[in-house]
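Undergrad: The sequence shown begins at 1 in the UniProt record's numbering and counts up by one.
Note that beta-carbon positions come from the ideal geometry of N, C-alpha and C, so glycine has one too.
Here you go, one structure.
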Amino acid sequence: MRHFPLSLTPGNVNVPRRDPLHLGSALAMQPRKHLYQPEFVMTVMQSTLKIRRPDDWHLHLRDDEMLHSVLPYTSRHFARAMVMPNLMPPVTTVQQCLAYRQRILAAVPQGQRFTPLMTCYLTDTLRVDELMLGQREGIFSAAKLYPANATTNSSAGVTAIPALYPLFEAMQQSGLPLLIHGEVTQADIDIFDREARFIDQVMIPLRRDFPQLRIVFEHITTQEAAQFVAAGDRYLAATITPQHLMFNRNHMLVGGIRPHLYCLPILKRSVHQQALRKAATSGQSCFFLGTDSAPHLRGRKESACGCAGVFNAPSALQAYATVFEQEQALQHLEAFCSLNGPAFYGLPPNEEYIELVQEPATVVDSIACGEETLIPFLAGETLRWSVRS
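Structure representation (C-alpha cells):
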C-alpha cells in the first residue's frame, strides 16, 4: 500500500502551495462574498475537523443490485445527493422519477437519514409540461443535459441544444437548475479538448441567451472551465470531483493504463489539475462538492473496452480533506463540502455534523456486488483522514 505524504500528491508529484497572488486571471478577481457568518465555520481541535454534514451534488447510484451495494457508502456520510438520471432507460418522466426515488429510499440502510434529490434526463423530445409538472410537485430538483453519446448511458441525450430553448426558458422562469455534462462530441475534436470547446460553442451562447438560468457546470476538468465559472455570476456554479483534484492524465497512463482512474470528462494535464485545486480550495462559493461517483463492475472496467467512471463514494471525503490539507486550505473545506452547494440550490445547510479525524485509514481493496466486485477509488491506499459521522 502507498501512503500519501502531506506535501505530495499520489505519484510523488510536487504540488505548489496555494498563493492567492498567483492564481489564474479569473480566480485572481475579487472573490465572491462568503455566504455564512463565522459561527458556521468548521472548528479545528486536536487534529479533528468538525463540519456540517456534507451533500454530494453529483452522484450515480445505478439501480437494482448495484444500487443496494453502493448506496450505503454515500448515505453513511452524506445527508443529500443529486442523483443522476442516466439509467437504462433514462429517467425522463415524473412517474419514472417517483419509482426510482422509492427504490433508492428502500435501499437506505436502517438507522441512516438520507434524502435523494432527483433529476430529469433532458431529451430532444421532452415536453415542457412534463418537466414543469415534476418541479411543481417537488419531484425534479434539477434537469440534466447530456450531449448525446458524451458519457455512460447518454445515447438518448441531446443532439441539438437550440431545440431545447423552450425548456430552458421555462426553467429560467421557474428557477429549476440545469446541470450540464460539458463536452462536445464531434468526432474531429480531440477528447482532451472537448470541455474547453464546449465553453466556446455552448456555454457562452447559453449564458448569453438565458442569463438568469441557474447552471451547474458539472465535474469540471480544465483551467478554462475553472476560470469561466469563477468569472461568472450567482447563476453559475461548478462541481469538482476528488479524482480530478488528486490525479492528472500521467497518473492514469504512465507506466501502464489504470482503468479505475478512467472517467469522463477524462483526466487532463497537470496544469489543469493545479487550476482545479486552486479553484476548489479558494473559498469561492461557486465551487462545491460533486463526487460523480460512478460504479461499474470490475470486469467492465478491466476490459479491452472499459467503461468510464470512478466509484469514489467510499473514500471521497477523505480524498477531499487530503487535497485541502495539501493546499493549506482546511479552513475552506466545510464551505466546499457542506455550505456552497445548499446555498446555490436555495436549501438550508444540514444541522448534523461529522468529524474528519487525522487517523490513518486504508481504503478497502474491493466491494462485493452480488457475485462480482467493485473497485473503489484509491483501493488499498492509506489516507491521513478518517470520517466519524
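When the Cα atoms are used, what is the spatial distance from Met66 to Ser293?
TA: Near 13 Å, if we compare the C-alpha coordinates of Ser293 and Met66.
Undergrad: Less than 8 Å between C-beta atoms, sequence neighbours within five positions excluded: which residues of the same chain meet that for Leu87?
TA: The residues are Arg62, Asp63, Tyr100, Asn153.
Undergrad: Tell me which residues share the same chain as Ala107 and place their Cβ nearer than 7 Å to its Cβ, disregarding the 5 neighbours each side in the sequence.
TA: Closer than 7 Å at Cβ, skipping near neighbours: Leu67, His68, Leu71.
Undergrad: When DSSP builds the beta bridges, which residues end up paired with Leu288?
TA: The amino acid at residue 288 is misidentified as Leu; the sequence shows Phe. BP columns for Phe288 point to Thr239.
Undergrad: Where Gly24 and Thr119 are concerned, what is the direct C-alpha to C-alpha distance, given to the nearest angstrom?
TA: In this prediction, Gly24 scores a pLDDT of 38, lower than 50, which makes its location untrustworthy; no coordinate-derived value is stated.
Undergrad: Rounding to the nearest angstrom, what Cα-Cα distance links Pro242 and Ala313 in this structure?
TA: The straight-line gap from Cα to Cα measures roughly 10 Å.
Undergrad: If you draw a straight line from the C-alpha of Arg197 to the C-alpha of Leu374, how long is it?
TA: Taking the straight line from one Cα to the other gives about 33 Å.
Undergrad: Do Val364 and Ser386 have their C-beta atoms closer together than 9 Å?
TA: Result no, Cβ atoms of Val364 and Ser386 do not sit closer than 9 Å.
Undergrad: Going by the DSSP bridge assignment, what does Phe377 pair with across the sheet?
TA: According to DSSP, Phe377 bridges with nothing at all.
Undergrad: May I have a chain-ordered list of the beta strand (DSSP E) segments no shorter than 3 residues that lie completely inside the stretch 93-171?
TA: Here the runs fully enclosed are 115-121, 142-145.
Undergrad: For Cys369, count neighbouring C-beta atoms within 10 Å of its own C-beta (all shown protein chains included) and say buried if the count is 16 or more, exposed if not.
TA: It counts as buried.
Undergrad: If we count the other Cβ atoms within 10 Å of its Cβ and call it buried at 16 or more, is His60 buried or exposed?
TA: Result: buried.
Undergrad: How many Å lie between Met42 and Ala343 at the Cα?
TA: Caution applies to Met42, whose pLDDT of 47 falls short of 50 and renders its modelled position unreliable; the value that the coordinates give is listed next. Distance between the alpha carbons of Met42 and Ala343: 16 Å.
Undergrad: Just the C-alpha distance for Ile139 and Leu117, rounded to the nearest angstrom, thanks.
TA: Straight-line Cα distance between these residues: approximately 8 Å.
Undergrad: Excluding sequence positions up to five away, which residues of its chain have a Cβ less than 6 Å from the Cβ of Phe210?
TA: Counting only Cβ-Cβ distances below 6 Å, and skipping sequence neighbours, we find Phe168, Gln172.
Undergrad: What whole-angstrom Cβ distance do residue 392 and Leu145 have, given they're in contact under 8 Å?
TA: For the chain, the structure presents residues 1 to 389; residue 392 sits outside this window and is missing.
Undergrad: Enumerate in chain order the residues of its own chain whose CB-to-CB distance from Arg269 is below 7 Å, with the five nearest sequence positions on each side excluded.
TA: These residues qualify, in order along the chain: Asn248, Arg249.
Undergrad: Tell me the DSSP secondary structure of Val83 in three-state form.
TA: The answer is strand: DSSP assigns Val83 an E or B state.
Undergrad: Ends of the beta strand (DSSP E) at Lys50?
TA: Run containing Lys50: 48-52, per the beta strand (DSSP E) assignment.
Undergrad: Mind checking Leu21: buried by the 16 CB within 10 Å criterion, or exposed?
TA: With a pLDDT of only 26 at Leu21, under 50, the local geometry of the prediction cannot be trusted, and the value read off the model is given with reservation. Exposed, because fewer than 16 other Cβ atoms sit within 10 Å of the Cβ of Leu21.
Undergrad: Kindly give me the distance between the Cβ atoms of Ala143 and Leu131, rounded to whole angstroms, as I take these residues to be in contact under 8 Å.
TA: With a Cβ gap of about 6 Å, Ala143 and Leu131 count as contacting.
Undergrad: From Gln96, Ala160, Gly341, pick the residue whose C-alpha is nearest to that of Thr123; which is it?
TA: The option with the nearest alpha carbon to Thr123 is Ala160.
Undergrad: Among Arg136, Ala321, Glu224, which one has its Cα closest to the Cα of Ala275?
TA: That would be Glu224, whose Cα lies nearest to the Cα of Ala275.
Undergrad: Taking only the alpha-carbon atoms, compute the straight-line gap between Thr291 and Asp129 and give it to the nearest angstrom.
TA: About 31 Å.
Undergrad: Helix, strand or coil, according to DSSP, for Ala321 in the structure here?
TA: Ala321: helix per DSSP, three-state reduction.
Undergrad: Please classify Met319 as buried or exposed, where buried requires at least 16 other C-beta atoms within 10 Å of its C-beta.
TA: This sequence places Ala at residue 319; Met is not what is there. The residue in question, Ala319, is buried, as its Cβ has 16 or more Cβ neighbours within 10 Å.
Undergrad: Report the three-state DSSP secondary structure of Ile189 (helix, strand or coil).
TA: Ile189: coil per DSSP, three-state reduction.
Undergrad: Curious, which full-length beta strand (DSSP E) runs of at least 3 residues does the stretch 315-371 contain?
TA: Runs found: 353-357, 367-369.
Undergrad: Whole angstroms are fine: how far does the CA of Phe114 sit from the CA of Arg52?
TA: So the alpha carbons of these two residues sit roughly 14 Å apart.
Undergrad: Take the Cβ of Glu218 as the centre, count every other Cβ of all protein chains shown within 10 Å, and call the residue buried at 16 or more, exposed below.
TA: Buried: at least 16 other Cβ atoms inside 10 Å.
Undergrad: State the DSSP-derived secondary structure class of Val91, mapped to helix, strand or coil.
TA: Reduced to three states, the DSSP call for Val91 is coil.
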